[in-house]
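Using the working numbering, the first residue of the sequence shown is number 13, and each one after it goes up by one.
The C-beta atom is built at its ideal place from N, Cα and C for all residues, glycine as well.
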Amino acid sequence: MSTFVANPPSSHIFESLVPYYAEALLGAQNNNTAGEEIGHPNGHSVTNGVWVLLLGTLLWSYILLVVLAKKPNCDCTARLDGKTVVITGATDGVGKATAFELASRGAEIVIPCRNAEKGRRVAREIADVTGNHKIQVVYVDFTNLESVKVCTQILKKSLKKIDILINNAGIGNGVGTTLDGFPLVFGVNHLAPFLFTTELLPLLRKAPLARIVCVSSVTHLWGNINFDELQDLDGGSLPSQFRAYSRSKLANVLFAKQLHRNESQHGISTYIAHPGWTFTAIFRDSPMLAKLLLFPLLYLFLYTPAQGAQTQIHLALAPGIETSSGNYFVSCRPARTGKSAKDIELASNLWSYSEKAVASALNQSVGYCTSI
Ligand SMILES: NC(=O)c1ccc[n+]([C@@H]2O[C@H](COP(=O)([O-])OP(=O)(O)OC[C@H]3O[C@@H](n4cnc5c(N)ncnc54)[C@H](OP(=O)(O)O)[C@@H]3O)[C@@H](O)[C@H]2O)c1
């Protein structure tokens, strides 16, 4: 797990900054006591001193904010021996950090992934670090619904039950379509997990008190679902990509809430997690403008993958949270969803739409078969 441990700014950074800051402060004071004005031949040093002072103050405030900002932390000590956990998107980012943590609690971990070699490498890393060798890798590509179906068939043959399913795989942006012709972000972030989860429900129902954790995002607040537009392709501009992502994340919340309504009677509880802004590969393919505008500002505020994983780890582990099924969590605590996310009719219509879309895609599929 050491790979994911956060490194808070070390004290020597503060120590090395102090002399510069003090010098700037004294410099500005000395210049002021000499009664020099801006515009005076020596006025430049006054101006410089004020600027250094201002920048220093800003820098100190920034560092203080970063240090004092509360990071999510799951303090559950529960073990998961004998439990089977399926985590999508566990080859990178918060999914990988989650897989490490849950493996260290003794669970059997199943990693469905699109890159077999990367999956095997991550499985080896987890086994080496945690000493838990019950890690399985299975092929799936969320851009291809037939592949999702085949993956679930393999899991139905190889597993007796699933105790915890973490729907974490996702993309932050993308233009074009999935192999089935759906807009890429909607297809990968919603339709594939919809099929994956509904196909695995029989295995989840076999486990006592199974849990499903759907990883959404606070961006669902800006999401909008209009059934007439769901087939429209997304543009590559920043607003289009943000619209596509937030729509898919709203779909995650609506899906999870409908799952809760359908499945709590079968002993399955469903939770929604927002990891918090986390520095992962999800930003890798962001439009250049987004990178230039946001990265310098966000870099120090972003969580590490281990911190971003805390909420979903909490929802997988915390004992006795079944009464919170159907709720949305941020920083390991229940939080409010947006208005559209509470729309029961929208959730039910999205379920029917997704069922039809997936069935029609699978009917037209020419067949697909792969395993690792
Ligand atoms: N990072 C954030 O700030 C943030 C904020 C809010 C919500 N989230 C949500 O958190 C989840 C995880 O994101 P992350 O930041 O950890 O992203 P990440 O580091 O990019 O990891 C995404 C994971 O999804 C997998 N994946 C992507 N496309 C796939 C496909 N077609 N088929 C199968 N697997 C696929 C990736 O596989 P590869 O390893 O092969 O690429 C990877 O394992 C996402 O649902 C995201 O929406 C993230």
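Given residue i as reference, the closest of the options once Cα atoms are compared
i: Ile280; options: Gly131, Ser343, Gly338; result: Gly338
i: Asn274; options: Ser228, Ala204, Ser360, Lys82; result: Ser360
i: Ile178; options: Ala347, Lys218, Ala328, Ser352; result: Ala328
i: Trp289; options: Thr190, Tyr151, Thr89, Gly184; result: Gly184
i: Lys261; options: Ser276, Gly350, Gly61; result: Gly350
i: Gly94; options: His286, Ile176, Leu212; result: Ile176
heavy atom of ligand 1 below 7 Å from residue i C-beta
i: Val97; result: no
i: Asp104; result: yes
i: Arg259; result: no
i: Lys303; result: no
i: Phe154; result: yes
i: Val227; result: yes
i: Trp234; result: no
i: Cys125; result: yes
i: Ala90; result: no
i: Asn391; result: The chain is shown from 13 up to 384; residue 391 falls before or after that span and cannot be answered.
i: Thr189; result: no
i: Val200; result: yes
i: Gly193; result: no
For residue i, the three-state DSSP class (helix, strand or coil)
i: Val64; result: helix
i: Ile147; result: strand
i: Thr59; result: helix
i: Thr323; result: helix
i: Arg345; result: strand
i: Ile75; result: helix
i: Ile384; result: For Ile384, the predicted structure reports a pLDDT of 44, less than 50, and the residue's modelled location is therefore unreliable. A value from the coordinates is still provided. The answer is coil: DSSP assigns Ile384 none of H, G, I, E or B.
i: Asn85; result: coil
i: Glu367; result: helix
i: Ala373; result: helix
Proximity test, Cβ basis, 8 Å: residue i and chain D
i: Val160; result: Within the model displayed, chain D is absent; a lone protein chain is all it includes.
Spell out a yes or no on whether the segment 204-212 and the segment 235-244 are touching, meaning 3 or more CB-CB pairs, one atom from each, closer than 8 Å. No, the segment 204-212 is not in contact with the segment 235-244.
3-residue-minimum beta strand (DSSP E) runs that sit fully inside the segment 147-176, ordered along the chain: If we require 3 residues or more, the beta strand (DSSP E) runs fully inside the segment 147-176 come out as 147-151.
Ranges of the alpha helix (DSSP H) found wholly within the segment 188-258, counting only runs of at least 4: Counting only runs of 4 or more, we get 204-217.
Please give the ranges of any alpha helix (DSSP H) in the segment 111-143, keeping only runs that are unbroken, at least 4 residues long and fully inside the region. Runs found: 128-142.
Give a yes or no on contact between the segment 136-146 and the segment 204-223, applying the rule of three or more CB pairs nearer than 8 Å. No: fewer than three Cβ pairs fall under 8 Å.
So, do the segment 110-124 and the segment 148-156 have three or more beta carbon pairs nearer to each other than 8 Å? Judged by Cβ distances under 8 Å, the segment 110-124 makes contact with the segment 148-156, as three or more pairs qualify.
For the segment 81-91 against the segment 310-322, do three or more pairs of beta-carbon atoms, one drawn from each stretch, fall closer than 8 Å, so that the two count as touching? The segment 81-91 is in contact with the segment 310-322.
Given 8 Å, three or more beta-carbon pairs between the segment 266-273 and the segment 361-368: Cβ pair count under 8 Å is three or more, so yes.
Check whether the segment 185-201 touches the segment 245-265, counting contact only when three or more Cβ pairs, one atom from each stretch, lie closer than 8 Å. Enough Cβ pairs lie closer than 8 Å, so yes.
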